[in-house]
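K.L.:
Under this note's numbering, think of the first position of the sequence shown as 1, with each following residue one higher. Handing you a structure now.
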Amino acid sequence: MMTTNIEAGNAKEGRLDRGPNPVPADAADELRAYYARKRSVSVSSLLLIVPVAAIAAARAPVLGLDLLLGVASGIAYALLVMRANERLAEGTSLGIHAWSGVLRVLAFGAVPVVAAIVGPVWGMGLYFAGFFTPLVLYALAVRREISREASCPTNKR
Numbered sequence: 001m002m003t004t005n006i007e008a009g010n011a012k013e014g015r016l017d018r019g020p021n022p023v024p025a026d027a028a029d030e031l032r033a034y035y036a037r038k039r040s041v042s043v044s045s046l047l048l049i050v051p052v053a054a055i056a057a058a059r060a061p062v063l064g065l066d067l068l069l070g071v072a073s074g075i076a077y078a079l080l081v082m083r084a085n086e087r088l089a090e091g092t093s094l095g096i097h098a099w100s101g102v103l104r105v106l107a108f109g110a111v112p113v114v115a116a117i118v119g120p121v122w123g124m125g126l127y128f129a130g131f132f133t134p135l136v137l138y139a140l141a142v143r144r145e146i147s148r149e150a151s152c153p154t155n156k157r
């Protein structure tokens, strides 16, 4: 539970059960970790999906292609969303951010439809499996970092 204490005209935030909020980590370190996480998720997604796509391609080449197309689209979509959010933090207008989001959804929403037209309809499921792989891996990486920070003795008081 957060409280606000007014002391000599200065508002200070703190917690009822503790003192003032801890000082946040160095922003440069956080930014380096963010960029490393982006690279790691992109590479991990490819390393995970390429062998699975090879197995699917042995059954039917178009299915392996659907899976590879899905992971490539998922990585591109994730990187575009992250870059759009970075630009928003830098001061891009909210309208441009929203409009680019609509264009991304339309563009990446059309890809599985084309994949379903070219190959079997259930190949669209492989596309979506590849598409959401980077998102799942990113969520797991963030969860791992949060749990690592929570277990660090310097973060406990």
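Built from N, CA and C at the ideal position, the CB exists for glycine as well.
The alpha helix (DSSP H) that contains T92, what's its start and end?
P.N.:
Taken as a continuous stretch (DSSP letters only), T92 belongs to no alpha helix (DSSP H), as it is neither H nor E.
K.L.:
Taking all protein chains shown into account, do 16 or more other C-beta atoms lie within 10 angstroms of the C-beta of D66, making it buried, or fewer, making it exposed?
P.N.:
D66 comes out buried.
K.L.:
Report yes if the CB atom of M124 is closer than 7 Å to the CB atom of A115, and no otherwise.
P.N.:
Yes, the Cβ-Cβ distance between M124 and A115 is below 7 Å.
K.L.:
Counting Cβ pairs closer than 8 Å, one from the stretch 126-138 and one from the stretch 34-41, do we hit at least three?
P.N.:
Yes, since at least three Cβ pairs between the stretch 126-138 and the stretch 34-41 fall closer than 8 Å, the two stretches touch.
K.L.:
What are the boundary residues of the alpha helix (DSSP H) that G123 is part of?
P.N.:
Note, G123: alpha helix (DSSP H), 123-151.
K.L.:
Should A36 go down as buried or exposed, given a rule of 16 or more other Cβ atoms within 10 Å for buried?
P.N.:
Its Cβ having fewer than 16 others within 10 Å, A36 is exposed.
K.L.:
Residue range of the alpha helix (DSSP H) that A232 falls in?
P.N.:
Not covered by the structure: residue 232. The range shown for the chain is 1 to 157.
K.L.:
Where does S93 land, buried or exposed, given buried means 16+ other C-beta within 10 angstroms?
P.N.:
Exposed, because fewer than 16 other Cβ atoms sit within 10 Å of the Cβ of S93.
K.L.:
Report the rounded CA-to-CA distance for R59 versus V52, giving the unit in angstroms.
P.N.:
Answer to the nearest angstrom: the Cα atoms are 11 Å apart.
K.L.:
Indicate the three-state DSSP secondary structure (helix, strand or coil) for G119 in the structure shown.
P.N.:
Note: G119 maps to coil in three-state DSSP.
K.L.:
Are there 16 or more other CB atoms within 10 angstroms of the CB of I117, so buried, or fewer, so exposed?
P.N.:
It counts as exposed.
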